[in-house]
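Here the sequence shown is numbered in my numbering, starting from 145 and rising by one per residue.
Glycine is no exception: its CB is placed at the ideal position from the N, C-alpha and C atoms.
Nothing here was measured: the structure is a model prediction, and the numbers come from that model.
Contents: one structure, followed by commentary.
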Amino acid sequence: MSLIRSRLMGAAALVLTFLLAPDVGAQDRFGAALTFTDGGEVAVLKPGAAVGPAMAIVFGPGPDGRWDSTSRLTKLPGGYPGEGVVEVLSAGGDLLLLGSGDPAGREAGHLYTRASGSWTATSRVPLDPSLPGEGAELPAGGLDMPTLSRIMGPPPRSVALTPDGQRMVVAGGALDPGVVHVLDRSDTGWTLTGALNVEHTSTTFTPALAAHDGSVAVGVPQSGPGGMIFVFEEERGWDAPTIIAPDSTQAGGLLGAALVFGGSGYELFASSPGAGRVTRYERGSDGAWRGDEDFLPPSEHASDARGFGAAIAADGDHLVVGSPFAREAQGAAYVFARGANGWTLARSLGPEDLGRATFGLAVALNEGTAVIGAPGAYGADGRAAVYDLASEGAPIWLEAGGELSSVAGAEPIRCADGDAAGFECDAVDLVSFVSLDALGAQPGERVTDIWGWTDPTTGREYVLVGRTAGMAFVDITDASVPRLVGLMPANPSGARDIKVYRDHAYMTGDGAGDHGLLVFDLSRLRGVIGAPRTFEPDARYDLVASAHNLIIDTESGFAYTVGTNTGGQSCGGGLHMIDIREPLEPTFAGCFTDTEGLIWSGRTHDAQCTVYRGPDENFQGRQICFASNETAMRIVDVTDKSAPVPISTASHPGTAYIHQGWLTEDHRYLYVNDELDEIVGTADRTRTLIYDVAELDDPILVGEHLGPDQATDHNLFIAGNRAYLANYQAGFRVLDISDPESPVEVGWFDTTPYGENPPGFGGGAWTAWPFFQSGMVVVSSMNEGLFIVRPQRPVM
145 MSLIRSRLMG
155 AAALVLTFLL
165 APDVGAQDRF
175 GAALTFTDGG
185 EVAVLKPGAA
195 VGPAMAIVFG
205 PGPDGRWDST
215 SRLTKLPGGY
225 PGEGVVEVLS
235 AGGDLLLLGS
245 GDPAGREAGH
255 LYTRASGSWT
265 ATSRVPLDPS
275 LPGEGAELPA
285 GGLDMPTLSR
295 IMGPPPRSVA
305 LTPDGQRMVV
315 AGGALDPGVV
325 HVLDRSDTGW
335 TLTGALNVEH
345 TSTTFTPALA
355 AHDGSVAVGV
365 PQSGPGGMIF
375 VFEEERGWDA
385 PTIIAPDSTQ
395 AGGLLGAALV
405 FGGSGYELFA
415 SSPGAGRVTR
425 YERGSDGAWR
435 GDEDFLPPSE
445 HASDARGFGA
455 AIAADGDHLV
465 VGSPFAREAQ
475 GAAYVFARGA
485 NGWTLARSLG
495 PEDLGRATFG
505 LAVALNEGTA
515 VIGAPGAYGA
525 DGRAAVYDLA
535 SEGAPIWLEA
545 GGELSSVAGA
555 EPIRCADGDA
565 AGFECDAVDL
575 VSFVSLDALG
585 AQPGERVTDI
595 WGWTDPTTGR
605 EYVLVGRTAG
615 MAFVDITDAS
625 VPRLVGLMPA
635 NPSGARDIKV
645 YRDHAYMTGD
655 GAGDHGLLVF
665 DLSRLRGVIG
675 APRTFEPDAR
685 YDLVASAHNL
695 IIDTESGFAY
705 TVGTNTGGQS
715 CGGGLHMIDI
725 REPLEPTFAG
735 CFTDTEGLIW
745 SGRTHDAQCT
755 VYRGPDENFQ
765 GRQICFASNE
775 TAMRIVDVTD
785 KSAPVPISTA
795 SHPGTAYIHQ
805 GWLTEDHRYL
815 YVNDELDEIV
825 GTADRTRTLI
835 YDVAELDDPI
845 LVGEHLGPDQ
855 ATDHNLFIAG
865 NRAYLANYQA
875 GFRVLDISDP
885 ESPVEVGWFD
895 TTPYGENPPG
905 FGGGAWTAWP
915 FFQSGMVVVS
925 SMNEGLFIVR
935 PQRPVM
């Protein structure tokens, strides 16, 4: 197990990554962990949920030297809210174990058993079989940041199986720091047979583990000045470990970051990636372990050797050492061979054109076949390379799955018998689909928010697509054959927001540094022919830098950035008000913030701001913002930008994260989505909340709509008597709201054809925009692309 990434990414950092601005490279990380099975297959971990759920994909050697996927193993059912998998994978005998990501840290992982050539889900394995499994309990007062951090960033754990699969060694999670459990397998499950105590000085304890027959090695690289290794042996009763410590010259070496026993169990290979070396230790007849040989990178890579040994694997005749940060994080791996005169460097492995692939962050070895993980490749989609060490040939590259292909043609593809071009659906036809590649996206890019614009002069319809690299412009006038006409580059961002006012597009970027609010004159799209054109923005408002969302009241001519978190006038993350009545000359108009917020007090995540036309006569004609402030919905009168007036506050039972809302056209009802309730367990299905806002100072929750599964809900919009929902892994859903307090689902289109629709932020539909006169609905799906669909059931 590599400890490098788990120590870089803390729980709070993960929460901010998901809720503020998803990392540009936050993809599947296929290849983050690897292991060979007894049957000669290799299991490759895909810990992310960007393209389908987190899983281990098992590959077996096939004809003509191919390696074919034979099984796709996900976490077992019966889990906890927010549960995923951690970057841990281990195999032994007929067993394969995926490290659990349960937020309470009670479990070691999800166990599969191989029989008759296939893998069968077997059981969840607890770190301590005497303790009941538990989820992360919410505090009595509701969700808070420490609890959310624990759910979104579950405590790491370490796992190792012995080669015969009869013993498992576990640490981390909910176990006390310094405690390592030894579990033995029986016909009835797993029994705790040993509790090893490791004296250490590290502030965290997620050790590297290795197990072989009656021996257990525990590496604690951050203990002491240079790391330590504790070797426990059953014949000594588990209570008298041999301690291996570096000499005084190896301070900062991180000894024990990765460990593996040699085939006999009498040799132990241990890395010191901080010092750029791997050491072979041998057990003497007196029981002592002595280092007798060091392995170093070749001289041409000596200058970037830090990280050498982040992962190691041995099979008796070979040692493979991963060095994922070599060559500016492109990565490398080195094969050492044992001969009559000792060990020699036999081969250097590494791609030349995969960018910051972190090749070598995981390695596996079996009888002359090496597999090297490159989880950073292709924008952190990840890859793994299979090498035949007896050959100098090129590797065979493994991947989790290919990108979806664009769909276009003369006629829409009707949803029939629950399918349209391989996408599951009901009463929603696929008009066309533009893949990420066809949108000009580079590996690792994704799409987030979209908006639409109809040229008042030509009548042509365009979709403005928020891409990691900027804004893409797609002409869908002929919706069956959409055409990419241009791109406006911008600082990379994993979460954009786009709105249109008076034929000008406005775009924000979160986590994008000194981005600002960019303005583009959409009339420049007229007459673009041939290859897509690259445009520069026409103006930039620089009093904000990075902001999560953007709202525009098109009647009053004011824009509002929210969730501003870097640079400029943040307005505390609340409403930053901007006068855009001169579209290319935005000017600051005022701030509003208050005490509501989860990530921090006063933070607004999104809002709808409008000139109010509803039934409350006290506020008709006033400029009102319905602000989703995470812990509550705030209704605010912003008519006077110098002195905004809060009107009321609303929340619902089981509030987790009030994300976004939209008014019915008569301004009587407000439909609201809660982005975390399915994840933290306060709702067991996708939930849309319905508020009666006939009296703005007294909003009343009058109903809810529950979806068919647990998919996390994201943006929603209302047009006529339909609500259009983008529900991440469940894709696009459409509700008939003729009876506003009792909506009924009348169609759906799943943009992620990868299986189940679990809760989480991994991928899927971000926005469904329904306001084109043509009746087309456009849907952005993060890791897939742009869908143009058409509901079959007409609006009544």
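I need the DSSP call for residue i, collapsed to helix, strand or coil.
i	result
glycine 506	A small fix is needed here, since residue 506 is alanine in this sequence, not glycine. Residue state, collapsed to three classes: strand.
histidine 462	strand
glutamate 472	helix
leucine 163	At leucine 163 the pLDDT is 46, less than 50, meaning the model places this residue with poor confidence; the figure from the coordinates comes in the next sentence. DSSP places leucine 163 in helix when its eight states are reduced to three.
threonine 291	helix
isoleucine 148	Here the model assigns isoleucine 148 a pLDDT of 36, short of 50, so the residue's position is not dependable and the matter cannot be decided.
methionine 721	strand
glycine 169	With a pLDDT of only 45 at glycine 169, under the threshold of 50, the placement of this residue in the model should not be trusted; the figure read from the coordinates follows. Correct three-state label for glycine 169: coil.
aspartate 448	helix
alanine 235	strand
glutamine 936	coil
isoleucine 743	coil
aspartate 436	strand
cysteine 753	strand
glycine 316	strand
tyrosine 898	coil
leucine 669	helix
tyrosine 522	helix
methionine 296	helix
glutamine 804	strand
isoleucine 823	helix
Residue i and residue j look like a contact to me (Cβ under 8 angstroms); what is the Cβ gap, rounded to whole Å?
i	j	result
leucine 178	leucine 233	7 angstroms
threonine 896	glycine 929	Contact doesn't hold; Cβ gap of about 11 angstroms is too wide.
threonine 856	isoleucine 823	6 angstroms
leucine 845	isoleucine 768	Not confirmed; about 19 angstroms, so no contact.
tyrosine 756	isoleucine 696	That belief does not hold up - the Cβ atoms of tyrosine 756 and isoleucine 696 are roughly 16 angstroms apart, past 8 angstroms.
glutamate 994	histidine 858	With the chain covering 145 to 940 only, the question about residue 994 has no answer from this structure.
Would you tell me roughly how many angstroms separate the C-alpha atoms of residue i and residue j, rounded to the nearest one?
i	j	result
alanine 909	isoleucine 802	18 angstroms
alanine 771	alanine 751	4 angstroms
proline 307	leucine 353	13 angstroms
serine 447	tyrosine 685	44 angstroms
arginine 210	glycine 409	32 angstroms
glutamate 496	asparagine 927	26 angstroms
arginine 937	glycine 907	27 angstroms
isoleucine 540	valine 465	19 angstroms
proline 468	arginine 640	31 angstroms
asparagine 773	histidine 692	13 angstroms
histidine 659	glycine 206	49 angstroms
valine 168	phenylalanine 905	Low local confidence applies: a pLDDT of 45 at valine 168 is under 50, so the model's placement there is unreliable, and no value is given.
serine 267	glycine 316	20 angstroms
glycine 655	proline 636	8 angstroms
alanine 481	glycine 396	28 angstroms
glutamate 889	leucine 509	51 angstroms
alanine 649	aspartate 272	56 angstroms
glycine 368	serine 346	7 angstroms
arginine 877	glycine 453	48 angstroms
glutamate 942	isoleucine 516	In this structure the chain extends from 145 to 940, so residue 942 is not present and cannot be described.
proline 262	alanine 235	Here residue 262 turns out to be serine, not proline, going by the sequence shown. Using only the alpha carbons, I get a separation of about 15 angstroms.
Between the beta-carbon of residue i and the beta-carbon of residue j, is there less than 9 angstroms?
i	j	result
glutamate 231	proline 298	no
leucine 962	phenylalanine 174	No answer is possible for residue 962: the residues shown for the chain start at 145 and end at 940.
histidine 849	glutamine 804	no
phenylalanine 617	glycine 630	yes
threonine 598	phenylalanine 893	no
alanine 506	aspartate 525	no
aspartate 573	serine 550	no
tyrosine 813	glutamate 885	yes
aspartate 647	serine 667	yes
leucine 742	threonine 775	yes
alanine 414	isoleucine 387	no
Problem set entry | Cβ contact (3+ pairs, closer than 8 angstroms) linking the segment 720 to 730 and the segment 798 to 807 | They do not touch, by the three-pair rule.
For this session: Kindly confirm or deny that the segment 447 to 464 and the segment 398 to 416 touch, where touching means at least three C-beta pairs closer than 8 angstroms.
Result: Counting C-beta pairs with one atom in each stretch, the segment 447 to 464 and the segment 398 to 416 have three or more that are closer than 8 angstroms, which means they touch.
For this session: Pair every Cβ in the segment 215 to 223 with every Cβ in the segment 191 to 201, then say whether three or more of these pairs are closer than 8 angstroms.
Result: Counting C-beta pairs closer than 8 angstroms gives three or more between the segment 215 to 223 and the segment 191 to 201, which meets the contact rule.
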